[in-house]
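Residue numbers (the working numbering), protein chains in the order written: chain W, 1 to 153; chain C, 1001 to 1153. Heads up, the beta-carbon is just placed ideally off N, CA and C, and yes, glycines get one too. Scroll down for the structure; my scribbles are underneath it.
There are 2 protein chains.
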Amino acid sequence: MEDEVPGSMGTSASLALRLGQAFFSTASLLFMCLRIDFYNYTAFSYLVTVMGLMIPWSLTLVMVDAYSVFIKYLPHQPRILLVIIAGDWVLSFLSLAAACATASVTDLLVEAGGSFCPAKLCSRFQLSATMAFLSWFLSFASSLFNLWLLPSL
Amino acid sequence: MEDEVPGSMGTSASLALRLGQAFFSTASLLFMCLRIDFYNYTAFSYLVTVMGLMIPWSLTLVMVDAYSVFIKYLPHQPRILLVIIAGDWVLSFLSLAAACATASVTDLLVEAGGSFCPAKLCSRFQLSATMAFLSWFLSFASSLFNLWLLPSL
């Protein structure tokens, strides 16, 4: 217990990070999906796919962290920690890519204006891209904190 | 010398990685810049900016590695290694973001077709995005190899 890193698996900081990831990725998905023909644009479909992977991943880890914080502290097992670090890395790269793709396409649509992008729709694309960036940032933070643990295993 | 990781600073594998980075980022920049009004699109300007940072960075490290391989082995200094790792990380994230943004905007332009994207221009955008992805991949690889060294310092 004495070498516990704040933000690594099973601490309350990690629980907060995971909750933030779940919240932002859900928000990004909803802003993008609801009543928008997002499948017309490759970048938007990609964002929806990545967020569809991100949400179950963060919710699972929210449950693990909540169990560890509130009920019983779970000791780190190297193999499980490796899987979690690898998953976090892959997802953080995917979500960075999705956020950048969405942001750049949105920017292009905003400049094109007119029928490509009615004002109400465009602000939703922008919100969705912002949420995706926040979700990337939190996921990157928790993968860094967990990486810190790796040498001690 | 016995704990030298292949691909870390000062080895011939690292020299090859750096040469690849310099080559691909230069190619990406040239495909994007030459006789194209790239500054009409935010994503393309961003790509040009990032590649303009990436090229001097890789060329500097090419020189350091070449000196270390061919003339005299330089021992690792923790402080310099930290700067190099941090720089590699930042640049690899920036170049991933630039590559994704360029790829998604290019995809949108290809679908729009017509005057937005004459066939000859569009294939150059695609080549530029591909080169940027390759450059990201190599820069990510060398940052991982150098990260591996960090605990031994």
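First through last residue of the alpha helix (DSSP H) which encompasses C/Gly-1087:
C/Gly-1087 -> alpha helix (DSSP H) spans 1078 to 1112.
Chain C contact residues for W/Pro-118, given Cβ-Cβ distances below 8 Å:
None at all; the shortest Cβ gap to chain C is about 17 Å.
What in chain W is Cβ-close to C/Tyr-1041, meaning under 9 Å?
Simply Ser-104, Asp-107, Leu-108 and Glu-111.
Kindly list, in the order they appear in chain W, the residues whose Cβ is closer than 9 Å to that of C/Ile-1096.
Before going on, a small fix: residue 1096 of chain C reads as Leu here, not Ile. Going along chain W in sequence order, the residues near C/Leu-1096 (Cβ under 9 Å) are Phe-93, Leu-96, Ala-97 and Cys-100.
Please decide whether W/Pro-56 counts as near chain C, where near means a Cβ-Cβ distance under 7 Å.
Chain C, which has no Cβ nearer than 7 Å to the Cβ of W/Pro-56, makes this no.
DSSP on W/Glu-2, reduced to helix/strand/coil?
Below a pLDDT of 50, predicted positions are generally treated as unreliable, and W/Glu-2, at 45, falls in that range; no measurement from the model is reported.
Contact set between C/Pro-1151 and chain W, taken where Cβ atoms lie within less than 8 Å:
The contacting residues are Pro-151.
For W/Met-51 and W/Ser-28, I'd like the C-alpha separation in whole angstroms.
Those two C-alpha atoms are separated by around 8 Å.
CB W/Ser-104 to CB C/Ala-1101, shorter than 7 Å?
Yes; because the gap between Cβ atoms is below 7 Å, this pair is in contact.
Around the C-beta of C/Leu-1094, are 16 or more other C-beta atoms found within 10 angstroms, so that it is buried, or is it exposed?
A residue is called buried once 16 or more other Cβ atoms fall within 10 Å of its Cβ, and C/Leu-1094 is buried on that count.
Pairs of beta-carbons, one from the stretch 1019 to 1036 of chain C and one from the stretch 1117 to 1130 of chain C, closer than 8 Å: are there three or more?
By the Cβ test, the stretch 1019 to 1036 of chain C is in contact with the stretch 1117 to 1130 of chain C, since at least three Cβ pairs between them sit closer than 8 Å.
I believe C/Ser-1135 touches C/Met-1054 by the beta-carbon criterion, under 8 Å. Please report the beta-carbon distance rounded to the nearest angstrom.
Correct: roughly 6 Å between the Cβ atoms.
Taking only beta-carbon atoms, is C/Glu-1002 less than 7 Å away from chain W?
With a pLDDT of only 45 at C/Glu-1002, under 50, the local geometry of the prediction cannot be trusted, and the value read off the model is given with reservation. No, no contact with chain W.
Check the C-beta distance from W/Ser-8 over to W/Phe-145 and give it rounded, since I have them as a contact under 8 Å.
About 5 Å separates the two Cβ atoms, so the contact holds.
Return the Cβ separation of W/Arg-18 and W/Leu-82 in integer angstroms, given the expectation that the two are a contact with Cβ distance under 8 Å.
Between W/Arg-18 and W/Leu-82, the beta carbon gap of about 18 Å keeps them out of contact (Cβ cut-off 8 Å).
Residue environment, C/Gln-1021, which counts as buried when at least 16 other CB atoms sit within 10 Å:
C/Gln-1021 should be labelled buried.
Which of the three DSSP states is assigned to C/Arg-1035 in this structure?
Three-state DSSP puts C/Arg-1035 in coil, outside helix and strand.
Range of the contiguous alpha helix (DSSP H) that encloses W/Ser-115
DSSP places W/Ser-115 outside any alpha helix (DSSP H), giving it a letter other than H or E.
Where do the N-terminal and C-terminal ends of the alpha helix (DSSP H) with W/Gly-52 fall, by residue?
42 to 66 is the extent of the alpha helix (DSSP H) around W/Gly-52.
In this structure, does DSSP put C/Pro-1075 in helix, strand or coil?
Here C/Pro-1075 sits in coil by DSSP.
Under 7 Å Cβ to Cβ from W/Ala-43, same chain only, skipping five residues before and after it: list those, please.
Same-chain partners within the cutoff: Ala-101, Thr-102 and Val-105.
If I'm right that W/Val-69 touches W/Leu-15 with Cβ under 8 Å, what's the distance once you round it to whole angstroms?
Yes, they are in contact, since the Cβ atoms of W/Val-69 and W/Leu-15 sit about 6 Å apart, within 8 Å.
When the Cα atoms are used, what is the spatial distance from W/Ala-13 to W/Pro-6?
Straight-line Cα distance between these residues: approximately 6 Å.
Short Cβ contact (7 Å threshold) for W/Ser-45 with W/Ser-92:
No, they are not a contact pair.
Relative to the C-alpha of W/Phe-137, which residue among W/Pro-151, W/Ala-112, W/Ser-152 and W/Leu-96 is closest?
W/Phe-137 has its Cα closest to that of W/Leu-96, out of W/Pro-151, W/Ala-112, W/Ser-152 and W/Leu-96.
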